Amino acid sequence: MSLPAAVRLPLSFLCLSTALGLTSVHADDQQDVAKGRWQGLAAMANLYLDDATPADFIEAGDNEKSQHDNYAGALAYYLTAARLDPKNAYASYQAAGSLAAMDKNKRAAEFLDQARERGFWQWVILKEDDELQSLQQTPAYQKLLQAAEKNYPAKAKDAGLAAFSIPQGKAPTEGWPVVVWLSGFGTEGSDGIDMRTDLVGEQAVLVGINGTLKRNEHQFMWHQHSVAPTQEAVSAALKTLEKQTRIDRSRIVLMGFSQGAEHASHLIAEYPQHYSGALLLSPGGYRIPFGETQARDKRIVIVHGAQEHESNQKLTATTQQALEPGNQVQSHEHAEGHTFQNDWRQAYPGYLKFALNL
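Count the sequence shown with mature numbering (1 follows the signal peptide of the UniProt record, and there is no 0) and you get residues -27 to -1, 1 to 331, in order.
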């Protein structure tokens, strides 16, 4: 049965409209795909437009992995850095890690060889890199490890190096009290001396010490299983300091954050004769079991964040339990996570005043 013209026209129009609607949806999908592809490439394009350095491209690759778990995208940044700087061994190394994570071990080995040829030295990172676990028994990995261990000493002369911030004016008769700053994993401890004015004003010297293992340029850490190298670094720093000014050996206070706090807690427990107190901020990092604690009559402040990971919360509790017997221990919680609290400039000077017995 044929339909009246008046009916056929709307049906034809409806069909046309439906077809146009489908076309519109398809166009929208294409636009979404194009937008997504542009967003994926925009960061790379912007780095080029800004004349970014190879280090900037490496940082972008690291962020792509850590924030988005995107190894292919990270690889693009690392390859770009390696091409921009033909001497950049770390870019080649990072490219190898991304390739290995994508199960492209043959190509990964090629970039391990390239990193070795370019002078790679960061054996501390190499030995703990789980991305390269599948390659650890290969000749390329073993040759790189051997070369990195050989190259490391020349590059790591600033591991354990100390810097000093000394108040102006004449030292007190008994000498300056000293705060020894042990920074967290992956940071540069000597930069911490800039905090002296905020923390202790003109009342004490601040010593900032780089970690005893160098991971990369301006990145240090403390040994994973022992604080003996840390004690050696602190002792050397204090001897150097005494050549510059008079210090009060009866008031040497340790201040550490994260892995630095973990080491500070063990230093005062194992070498109590050298330290009068400690400010321990969010102990974390590689766990070192407490033995029999030797510390007595020490003034200790332990600080942690309410939003820290459960493992850090447990470590804080373990640290407090180990150090409380026979010592004056304060415990404080702030509202943030594993970081300096927002009002540290107001809070920490008071904690240090207690620890230094000022």
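All C-beta atoms, glycine included, are put in the ideal place defined by N, C-alpha and C.
Computed from a predicted structure; not experimentally measured.
{"Query": "With residue 398 and ASN43 assumed to form a contact (beta carbons below 8 Å), what rounded beta-carbon distance in angstroms separates them?", "Result": "Because the chain in this structure spans residues -27 to 331, residue 398 falls outside the shown range and cannot be described."}
{"Query": "Since VAL151 contacts ALA177 with CB under 8 Å, what's their CB separation in whole angstroms?", "Result": "6 Å"}
{"Query": "Am I right that residue 337 and GLU37 are in contact with their C-beta atoms under 8 Å? What's the rounded C-beta distance?", "Result": "Since the displayed the chain opens at -27 and closes at 331, residue 337 lies outside it and no answer follows."}
{"Query": "Compare the Cα-Cα distances from PRO112 to each of ARG89, ALA132, PRO126 and report the closest residue.", "Result": "ARG89"}
{"Query": "Three Cβ pairs or more, each shorter than 8 Å: is that satisfied between the stretch 258 to 275 and the stretch 303 to 311?", "Result": "yes"}
{"Query": "Quick one: complete alpha helix (DSSP H) runs, 4+ long, within the stretch 141 to 225?", "Result": "169 to 172, 201 to 215"}
{"Query": "Would you call the stretch 158 to 170 in contact with the stretch 179 to 192, where contact means no fewer than 3 C-beta pairs closer than 8 Å?", "Result": "yes"}
{"Query": "Please name the residue, chosen from ALA206, GLN109, ALA279, PRO262, that lies closest to VAL153 on a Cα-to-Cα basis.", "Result": "ALA206"}
{"Query": "Does the separation of the CB atoms of GLN232 and GLY278 fall below 9 Å?", "Result": "no"}
{"Query": "So within the stretch 78 to 114, which uninterrupted alpha helix (DSSP H) runs reach at least 4 residues, ignoring any that extend past its ends?", "Result": "78 to 90, 96 to 100"}
{"Query": "So which of ALA68, GLY257, ALA132, THR218 has the shortest CA-CA distance to THR146?", "Result": "THR218"}
{"Query": "I'd like to know if PHE137 contacts chain D, where contact means its C-beta is closer than 9 Å to some C-beta of that chain.", "Result": "Structure shown: chain D not included; a single protein chain is present."}
{"Query": "Output the boundary residues of the beta strand (DSSP E) element that contains GLN286.", "Result": "No beta strand (DSSP E) contains GLN286, which is instead part of the alpha helix (DSSP H) from 283 to 296."}
{"Query": "Name the two residues that bound the continuous beta strand (DSSP E) containing PHE137.", "Result": "135 to 138"}
{"Query": "Please state whether DSSP places PHE305 in a helix, a strand or coil.", "Result": "Note on identity: in this sequence residue 305 is His, with Phe being the wrong assignment. In the structure shown, HIS305 sits in a strand (DSSP, three-state: E or B)."}
{"Query": "Just how far apart, CA to CA, sit HIS311 and LEU172?", "Result": "19 Å"}
{"Query": "Is the stretch 125 to 138 touching the stretch 99 to 115, taking contact as three or more C-beta pairs under 8 Å?", "Result": "no"}
{"Query": "What is the DSSP secondary structure of MET75, counted as helix, strand or coil?", "Result": "coil"}
{"Query": "Using CA atoms only, rank isn't needed, just tell me which of GLY181, LEU155, GLY174 is closest to SER163.", "Result": "GLY181"}
{"Query": "Does DSSP put GLY323 in a helix, in a strand, or in coil?", "Result": "helix"}
{"Query": "Using beta-carbon positions only, say whether SER238 and THR292 come within less than 9 Å of one another.", "Result": "yes"}
{"Query": "Which same chain residues end up closer than 7 Å to GLU281 when comparing Cβ atoms and leaving out the 5 residues on each side of it in sequence?", "Result": "SER255, GLY310, HIS311"}
{"Query": "Over the uninterrupted alpha helix (DSSP H) stretch that includes ILE273, give me the two end residues.", "Result": "No alpha helix (DSSP H) holds ILE273; the beta strand (DSSP E) holding it covers 272 to 278."}
{"Query": "Would DSSP call LEU(-25) helix, strand or coil?", "Result": "Any reading at LEU(-25) must be qualified, since the residue scores a pLDDT of 37, below 50, and its modelled position is unreliable; no value is offered."}
{"Query": "Buried or exposed for LEU(-6), going by 16 or more other Cβ atoms inside 10 Å?", "Result": "Any answer about LEU(-6) is weak, because its pLDDT of 46 lies below 50 and its placement is not dependable; what the coordinates show is given next. It is exposed - the Cβ of LEU(-6) has fewer than 16 other Cβ atoms within 10 Å."}
{"Query": "Measure the CB-CB distance between ALA68 and TYR114 and report whether it falls below 9 Å.", "Result": "no"}
{"Query": "Going by the beta-carbon positions, is the gap between GLU122 and TRP96 smaller than 9 Å?", "Result": "yes"}
{"Query": "Let me know the secondary structure DSSP gives TRP317 once reduced to three states.", "Result": "helix"}
{"Query": "Measuring CA to CA, which of ASP131, GLU104, ASP103, LEU99 is closest to LYS116?", "Result": "LEU99"}
{"Query": "Here's a check: name, in chain order, each residue in its chain whose Cβ is nearer than 6 Å to the Cβ of HIS307, leaving out the five neighbours to either side.", "Result": "GLY278, GLN314"}
{"Query": "Look at GLU235 and GLY264 and say whether their C-beta atoms are less than 9 Å apart.", "Result": "no"}
{"Query": "With distances taken Cα to Cα, identify the nearest neighbour of LEU52 among LYS79, ASN78, MET17, ASP24.", "Result": "MET17"}
{"Query": "Report yes if the CB atom of MET228 is closer than 9 Å to the CB atom of LEU211, and no otherwise.", "Result": "no"}
{"Query": "Just the Cα atoms here: how many angstroms apart are GLY174 and GLN267?", "Result": "31 Å"}
{"Query": "How about LEU105 and ARG224: are their beta carbons less than 9 Å apart?", "Result": "no"}
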